[in-house]
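Enquirer:
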Amino acid sequence: MVNGLVLVLLFGGVVAVIGLAMTVYERRVRKQEHEEQLMAVLLTGSAAAIARAEPRELLAWQATAKTARRLFPDVVAAIESKGGEDFPIPKKIIEDAHAKWTAEWLAWERHHDVDFRKRTSVLEAELQKAGQVHTPDGHARIAALEDEKLQSYQRRYEEYVQIGKGLTDLLDGNSK
(Lines of atoms letter the chains of each structure in order from A and count residues from 1; the text may use other names and numbers.)
(Lines give C-alpha, C1' and ligand atoms only; values in the text may rest on other atoms or scores of the structure.)
Protein backbone atom coordinates (compact mmCIF):
# COMPACT_ATOMS: atom_id res chain seq x y z
CA MET A 1 0.00 0.00 0.00
CA VAL A 2 2.86 2.38 0.81
CA ASN A 3 4.47 1.50 -2.52
CA GLY A 4 1.18 2.27 -4.28
CA LEU A 5 0.90 5.60 -2.47
CA VAL A 6 4.49 6.52 -3.35
CA LEU A 7 3.79 5.54 -6.94
CA VAL A 8 0.65 7.70 -7.04
CA LEU A 9 2.51 10.65 -5.48
CA LEU A 10 5.42 10.19 -7.87
CA PHE A 11 3.04 10.01 -10.83
CA GLY A 12 1.22 13.13 -9.58
CA GLY A 13 4.53 14.97 -9.22
CA VAL A 14 5.56 14.03 -12.76
CA VAL A 15 2.19 15.21 -14.11
CA ALA A 16 2.51 18.49 -12.18
CA VAL A 17 6.05 19.10 -13.50
CA ILE A 18 4.95 18.31 -17.06
CA GLY A 19 1.93 20.61 -16.66
CA LEU A 20 4.12 23.42 -15.34
CA ALA A 21 6.61 22.96 -18.18
CA MET A 22 3.78 23.04 -20.73
CA THR A 23 2.37 26.21 -19.16
CA VAL A 24 5.77 27.93 -19.23
CA TYR A 25 6.28 26.85 -22.86
CA GLU A 26 2.79 28.04 -23.84
CA ARG A 27 3.42 31.43 -22.25
CA ARG A 28 6.72 31.77 -24.11
CA VAL A 29 5.06 30.89 -27.41
CA ARG A 30 2.22 33.37 -26.77
CA LYS A 31 4.67 36.10 -25.82
CA GLN A 32 6.70 35.49 -28.96
CA GLU A 33 3.55 35.50 -31.13
CA HIS A 34 2.40 38.69 -29.42
CA GLU A 35 5.76 40.37 -30.05
CA GLU A 36 5.71 39.29 -33.71
CA GLN A 37 2.20 40.70 -34.10
CA LEU A 38 3.29 43.96 -32.46
CA MET A 39 6.27 44.16 -34.81
CA ALA A 40 4.00 43.71 -37.81
CA VAL A 41 1.59 46.39 -36.61
CA LEU A 42 4.34 48.85 -35.74
CA LEU A 43 6.21 48.32 -38.99
CA THR A 44 3.19 48.52 -41.27
CA GLY A 45 1.70 51.45 -39.39
CA SER A 46 4.70 53.66 -40.01
CA ALA A 47 5.30 52.52 -43.59
CA ALA A 48 2.87 54.96 -45.23
CA ALA A 49 4.22 58.01 -43.42
CA ILE A 50 7.78 56.94 -44.08
CA ALA A 51 7.11 56.29 -47.76
CA ARG A 52 5.71 59.79 -48.24
CA ALA A 53 8.30 61.40 -45.96
CA GLU A 54 5.67 64.04 -45.19
CA PRO A 55 7.24 65.97 -42.30
CA ARG A 56 4.01 66.48 -40.34
CA GLU A 57 3.15 62.78 -40.60
CA LEU A 58 6.63 61.72 -39.55
CA LEU A 59 6.39 63.88 -36.43
CA ALA A 60 2.91 62.56 -35.66
CA TRP A 61 4.09 58.97 -36.08
CA GLN A 62 7.12 59.66 -33.90
CA ALA A 63 4.83 60.50 -30.98
CA THR A 64 3.15 57.10 -31.39
CA ALA A 65 6.54 55.44 -31.68
CA LYS A 66 7.65 56.99 -28.38
CA THR A 67 4.68 55.35 -26.71
CA ALA A 68 5.42 52.03 -28.40
CA ARG A 69 9.07 52.31 -27.36
CA ARG A 70 8.02 52.89 -23.74
CA LEU A 71 5.38 50.13 -23.66
CA PHE A 72 7.24 47.50 -25.69
CA PRO A 73 10.98 48.14 -25.38
CA ASP A 74 11.91 44.55 -26.27
CA VAL A 75 9.84 44.60 -29.45
CA VAL A 76 11.30 47.94 -30.55
CA ALA A 77 14.82 46.73 -29.77
CA ALA A 78 14.17 43.61 -31.86
CA ILE A 79 12.90 45.72 -34.76
CA GLU A 80 15.96 47.97 -34.59
CA SER A 81 18.40 45.08 -34.33
CA LYS A 82 16.81 43.24 -37.28
CA GLY A 83 16.43 46.36 -39.40
CA GLY A 84 19.70 47.98 -38.43
CA GLU A 85 18.08 51.42 -38.28
CA ASP A 86 16.29 53.59 -35.76
CA PHE A 87 12.63 52.79 -35.23
CA PRO A 88 10.33 53.94 -36.65
CA ILE A 89 12.03 56.33 -39.02
CA PRO A 90 15.49 55.79 -40.49
CA LYS A 91 17.80 58.80 -40.28
CA LYS A 92 18.03 59.12 -44.10
CA ILE A 93 14.24 59.52 -44.34
CA ILE A 94 14.31 62.27 -41.71
CA GLU A 95 17.18 64.04 -43.50
CA ASP A 96 15.26 63.88 -46.80
CA ALA A 97 12.07 65.12 -45.13
CA HIS A 98 13.97 68.01 -43.55
CA ALA A 99 15.49 68.96 -46.92
CA LYS A 100 12.07 68.72 -48.56
CA TRP A 101 10.48 70.82 -45.80
CA THR A 102 13.15 73.51 -46.19
CA ALA A 103 12.82 73.54 -49.99
CA GLU A 104 9.02 73.81 -49.69
CA TRP A 105 9.42 76.71 -47.27
CA LEU A 106 11.80 78.56 -49.60
CA ALA A 107 9.46 78.02 -52.57
CA TRP A 108 6.47 79.20 -50.50
CA GLU A 109 8.42 82.25 -49.33
CA ARG A 110 9.33 83.24 -52.91
CA HIS A 111 5.74 82.68 -54.08
CA HIS A 112 4.37 84.65 -51.13
CA ASP A 113 6.69 87.57 -51.84
CA VAL A 114 5.85 87.63 -55.58
CA ASP A 115 2.12 87.32 -54.87
CA PHE A 116 2.08 90.25 -52.46
CA ARG A 117 4.29 92.39 -54.69
CA LYS A 118 1.77 91.84 -57.48
CA ARG A 119 -1.17 92.57 -55.20
CA THR A 120 0.53 95.71 -53.89
CA SER A 121 1.28 96.88 -57.42
CA VAL A 122 -2.33 96.31 -58.51
CA LEU A 123 -3.64 98.14 -55.44
CA GLU A 124 -1.26 101.06 -55.92
CA ALA A 125 -2.26 101.34 -59.60
CA GLU A 126 -5.93 101.25 -58.61
CA LEU A 127 -5.37 103.92 -55.96
CA GLN A 128 -3.30 106.03 -58.39
CA LYS A 129 -6.03 105.82 -61.03
CA ALA A 130 -8.65 106.85 -58.46
CA GLY A 131 -6.43 109.61 -57.09
CA GLN A 132 -6.45 108.03 -53.62
CA VAL A 133 -2.77 107.16 -53.13
CA HIS A 134 -2.22 109.82 -50.47
CA THR A 135 -5.66 109.70 -48.87
CA PRO A 136 -6.42 108.13 -45.49
CA ASP A 137 -8.43 105.41 -47.27
CA GLY A 138 -5.53 104.71 -49.66
CA HIS A 139 -3.05 104.50 -46.78
CA ALA A 140 -5.43 102.23 -44.85
CA ARG A 141 -5.85 99.86 -47.81
CA ILE A 142 -2.09 99.62 -48.37
CA ALA A 143 -1.53 99.11 -44.63
CA ALA A 144 -4.19 96.38 -44.56
CA LEU A 145 -2.50 94.56 -47.44
CA GLU A 146 0.90 94.86 -45.75
CA ASP A 147 -0.63 93.54 -42.52
CA GLU A 148 -2.20 90.60 -44.38
CA LYS A 149 1.21 89.84 -45.93
CA LEU A 150 2.91 89.96 -42.55
CA GLN A 151 0.24 87.86 -40.80
CA SER A 152 0.27 85.10 -43.43
CA TYR A 153 4.07 85.07 -43.43
CA GLN A 154 4.17 84.88 -39.65
CA ARG A 155 1.67 81.99 -39.48
CA ARG A 156 3.56 79.99 -42.10
CA TYR A 157 6.94 80.81 -40.55
CA GLU A 158 5.78 79.58 -37.12
CA GLU A 159 4.72 76.29 -38.70
CA TYR A 160 8.00 76.07 -40.61
CA VAL A 161 10.04 76.59 -37.43
CA GLN A 162 7.94 74.15 -35.38
CA ILE A 163 8.15 71.33 -37.94
CA GLY A 164 11.80 72.09 -38.72
CA LYS A 165 12.69 71.94 -35.03
CA GLY A 166 10.80 68.67 -34.65
CA LEU A 167 12.70 67.15 -37.57
CA THR A 168 16.00 68.44 -36.19
CA ASP A 169 15.18 66.90 -32.81
CA LEU A 170 14.48 63.58 -34.57
CA LEU A 171 17.84 63.79 -36.32
CA ASP A 172 19.60 64.63 -33.08
CA GLY A 173 17.84 61.77 -31.30
CA ASN A 174 16.11 64.08 -28.82
CA SER A 175 12.74 62.45 -29.29
CA LYS A 176 13.51 58.82 -28.41
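Just so we're aligned, residue 0 is where the sequence shown starts under numbering that gives the first Met the number 0, counting upward by one. We put the beta carbon where it would ideally sit given N, CA and C, even for glycine. Quick caveat, the model's predicted, so the values are computed rather than measured.
Counting Cβ pairs closer than 8 angstroms, one from the region 111 to 120 and one from the region 147 to 161, do we hit at least three?
Expert: Touching, yes.
Enquirer: Less than 7 angstroms between C-beta atoms, sequence neighbours within five positions excluded: which residues of the same chain meet that for glycine 83?
Expert: If we look at glycine 83 and ignore the five residues flanking it on each side, it has no Cβ neighbours.
Enquirer: Assign valine 74 to one of three DSSP states: helix, strand, or coil.
Expert: In the structure shown, valine 74 sits in a helix (DSSP, three-state: H, G or I).
Enquirer: Indicate whether leucine 169 and tryptophan 100 have their beta-carbon atoms separated by less than 8 angstroms.
Expert: For leucine 169 and tryptophan 100, no; Cβs fall outside 8 angstroms.
Enquirer: To the nearest angstrom, how far is it from the Cα of valine 7 to the Cα of methionine 21?
Expert: Their backbone Cα atoms lie some 21 angstroms apart in a straight line.
Enquirer: What is the DSSP secondary structure of threonine 134, reduced to helix, strand or coil?
Expert: Residue state, collapsed to three classes: coil.
Enquirer: Take tyrosine 159 and list the residues in its own chain whose beta-carbon comes closer than 6 angstroms to its own, dropping the five residues that flank it on each side.
Expert: Answer for tyrosine 159: Trp104, listed in chain order.
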